[in-house]
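Contents: one structure, followed by commentary.
2 protein chains.
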Amino acid sequence: MGSSVNGGPGGRVSNNGVDKGVDFANYFCTYSFLYHQKEMLCDRVRMDAYYNAVFQNKEQFVGKVVLDVGTGSGILAIWSAQAGAKKVYAVEATKMSEHARELVKANGLEGVVEVIEGTVEDINLPEKVDIIISEWMGYFLLRESMFDSVIVARDRWLKPTGAMYPSHARMWLAPIKTGLGDQRINDYESSTDDWHRFLDETNTYYGVDMSVLTRPFCEEQNKYYLQTSIWNNLHPHQLIGIPGIIKEIDCLTATVEEILNVRANISSSITEEKTRLCGFAGWFDVHFRGSKQSPARLEIELTTAPSENNGTHWGQQVFLLHPTPRVGKGDDVLISFSMDRSKENHRLMEVEFGLEMRHLAGRNPQPIKKKFYIE
Amino acid sequence: MGSSVNGGPGGRVSNNGVDKGVDFANYFCTYSFLYHQKEMLCDRVRMDAYYNAVFQNKEQFVGKVVLDVGTGSGILAIWSAQAGAKKVYAVEATKMSEHARELVKANGLEGVVEVIEGTVEDINLPEKVDIIISEWMGYFLLRESMFDSVIVARDRWLKPTGAMYPSHARMWLAPIKTGLGDQRINDYESSTDDWHRFLDETNTYYGVDMSVLTRPFCEEQNKYYLQTSIWNNLHPHQLIGIPGIIKEIDCLTATVEEILNVRANISSSITEEKTRLCGFAGWFDVHFRGSKQSPARLEIELTTAPSENNGTHWGQQVFLLHPTPRVGKGDDVLISFSMDRSKENHRLMEVEFGLEMRHLAGRNPQPIKKKFYIE
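As given, the protein sequences belong to chains V and X, one line each in that order.
When you line the first sequence up against the UniProt record's numbering, it's residues 1 to 375, in that order.
When you line the second sequence up against the UniProt record's numbering, it's residues 1 to 375, in that order.
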């Protein structure tokens, strides 16, 4: 044998049918490292957005009760307190809670910020809150399915007049050009070439014919190299068409049913002369608008769109096409997009693209269907 | 957020207190990829040893009933059948069992090899077996703790006169020289330098003093860079002292208690002129000797020792020292070694070294104690 083994504490089955031990072992434990917290705290776009959402709207926080869902190192809870909150409940599922507690104390806020170790589904608060602040966004917004927990917190603990920080979220999709595809094709092909050398050897030296496994092996490698979306920070000039919104979420009213899947039919018109449609990029933005009763004085946006100088640790998710259709300025790409949670792991996603080209000139190619996995 | 999420099915707590769902999610799932099976099947040292253990001792298999624990792709079960076994039970916990079944059929052995999907702890056989064959060895032999399952299989299903393949295993330790240490020190130092830049920024731009987290961050990074053993295929000339055996296992009689931990006090004399003791390498070998009642005609050895041309996918585990003591030919290094399973994950290990130098000439330095983690 000889393989990788991951860590993680024991578990029990939680009421949503997801094994909690597995979820802790696989998900929460990734957030229990300061190194990983630091990576997020070094994301200037992320930090500036939340910092300004709090301090440019100080008056929203003064004298208020705040709940921070998944506080991690405690930064959002500390800012809320510094902005004048009367009380901040900072909930963290991992042992990171201990570091958050130290940090709160070192910044002289132990009188205001109360760090609670536990999942927001399990904890109990002595009062309802005016504001729920949380950085719950995963790759392409919904990966990690953490907003489920924010919804639970909101429905249990937010006052009817309360505000969500962020208050709104959107998912975007756009056609792109990229060199990533050729790379992946090469990796896939050398992997399958190598497989055939392996078949010959196993047959010659060890008397076993493994060719029956060729199909499943190629399927496995195809999924890994060609059907798994790729993290990338794209340059804006790699966008070759008009980005479209495929999902809008009002964080104050959204239900889990609403975010279980994403279905959208959009059309993107190509903005570039003769080029190749290499695939699509998916990203998100969120907005901090406060609530109807207490709107933010200054609306803040956090965007993870392709940017020359303001990339984020979220980057974009890239979905590659093989082969890459020819497109030109004025052509329309009709995209029917659907995303669902994977059955094996509710924090991962399965995506399906249906594509139709409407060329300005010449014949329209056959519609394309392709499935992807967001791992 | 934005982090890695691993897969894995749901689970229940098994009687040994280890959450089975977590164990599947973290451990077994790594073996459910053909790519990973291929890596093991491409290890010529591993393949040749098992192939010869079976076919150089054909007469041991003719007309016998065999159990393969953790058959993976099914290769050992197929060889056992090809060598003349009357019946082979091939047990595999993951979906790889389906591929094994196809492979057995494609090689015309479905009449002899019965692939059973399940853990060996849970399955039931209609008869006792003459031979248990299994490739259960993890990095440094005991990582993965898979031999526990082989012991269960042996105590339940092996006839009193039965034989284990392999029949014996040994763990080795030797002093080495390597450049890996400087590399790791550099990585550690640039990581902590970067942390201090991060502290200044967070303080200046975001008004939070994170210095209280410096100690835990450095401890985390120290564990990662300097206390975690490293996989490496060393060249024999990197050994600077006589290797010593720290554990011997008779696979026919060993109990789980016997392998829960490893305790050894050995002395290694340095064989090289003036050099640095950069650390230690740990590896294992196993032997195929059959049993007293039916000894193998030809004893086969599978060794993962440093080798110029016969490296394995197990390589060696390298434990680095900082600083690196000066040693010279004839000096003795007294090593008190202990290894235990980690409390968080019984398939990972925690190692402690106690070191004393006996220099031929000059003063002996202070004894050294160092803790390592085999992740």
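Even glycine gets a Cβ: it sits at the ideal position worked out from N, Cα and C.
With its beta carbon less than 7 Å from one in chain X, His99/V belongs to the interface.
Glu356/V and Val333/V have their C-alpha atoms some 6 Å from each other.
By the criterion of at least three beta-carbon pairs nearer than 8 Å, the stretch 160–179 of chain V is in contact with the stretch 289–302 of chain V. Inter-segment contact for the stretch 268–275 of chain V and the stretch 327–344 of chain V is present: three or more beta-carbon pairs are separated by less than 8 Å. Met1/X has a beta carbon lying within less than 7 Å of a beta carbon in chain V.
Using a Cβ-Cβ cut-off of 7 Å, Asn124/X does not count as an interface residue toward chain V, since no Cβ of chain V sits closer than that to its own. Proximity of the stretch 215–225 of chain V to the stretch 350–369 of chain V falls short of the contact definition, fewer than three beta-carbon pairs being nearer than 8 Å.
DSSP lists no beta-bridge partner residue for Met40/V.
Taking C-beta atoms as the reference points, Ile78/V and Pro175/V fail to come closer than 7 Å. Residue state for Ile123/V is assigned as coil, using DSSP reduced to three classes. Residues of the stretch 154–167 of chain V with a Cβ closer than 9 Å to any Cβ of chain X: none. Under the Cβ distance rule, Ala106/V counts among the residues neighbouring chain X, one pair being separated by less than 7 Å. The alpha-carbon separation between Lys105/V and Gly138/X amounts to approximately 44 Å. Counting the other CB atoms within 10 Å of its CB gives Pro126/X a total below 16, which places it among the exposed residues. DSSP lists Ile133/V as the bridge partner or partners of Tyr165/V.
One alpha carbon belongs to Pro236/V, the other to Gln316/V, and they sit about 11 Å apart. Within the same chain, Cβ atoms closer than 7 Å to the Cβ of Leu109/V are found at Ile78, Ala81, the five residues on either side in sequence being excluded.
At a C-beta separation below 9 Å, Val212/X has these neighbours in chain V: His99, Glu102, Leu103, Lys105, Ala106, Asn107. Around the C-beta of Arg358/V, fewer than 16 other C-beta atoms lie within 10 Å, and the residue is accordingly described as exposed. Between Phe284/X and Thr304/X, the C-beta spacing is below 7 Å. For Ala100/X against Ser73/X, the beta-carbon gap comes to about 6 Å, under 8 Å, which counts as contact.
About 36 Å separates the beta carbons of Leu142/V and Met1/V, which is beyond the 8 Å limit, so they are not a contact pair. Assignment of Gly244/V by DSSP, reduced to helix, strand and coil, places it in the strand class.
Following the DSSP letters along the chain, one finds Thr202/V inside the alpha helix (DSSP H) bounded by residues 180–206.
Secondary structure of Phe288/X (DSSP, three-state): strand. Sixteen is the threshold: since fewer than 16 other Cβ atoms of the shown chains lie within 10 Å of the Cβ of Glu257/X, the residue is exposed.
Taking 7 Å as the threshold, the shortest C-beta distance from Val208/V to chain X falls below it. When DSSP assignments are scanned along the stretch 258–344 of chain X, the uninterrupted stretches of beta strand (DSSP E) that are 3 or more residues long and fall wholly within it turn out to be 261–269, 279–290, 295–303, 316–320, 332–341.
Sequence-distant partners of Ile133/V (beyond 5 residues in either direction) whose C-beta falls short of 7 Å from its own C-beta, in its chain, are Val66, Asp68, Leu76, Ser80, Tyr165.
For Lys369/X, the uninterrupted beta strand (DSSP E) run begins and ends at 368–374, by DSSP. For Arg358/V, the enclosing beta strand (DSSP E) has its first and last residue at 349–358.
Not flagged as an interface residue toward chain X: Leu260/V, since no C-beta distance is shorter than 7 Å.
Going by DSSP, Asp68/V is part of the beta strand (DSSP E) stretching over 65–69. Take Gly181/X, set aside five residues on each side of it, and the residues of its chain with a beta-carbon closer than 6 Å to its own are Cys278, Leu320, in chain order. When rounded, the separation of the alpha-carbon atoms in Thr324/X and Arg276/X is 6 Å. Note that the stretch 44–61 of chain X does not touch the stretch 111–129 of chain X; fewer than 3 beta-carbon pairs, one per stretch, sit closer than 8 Å.
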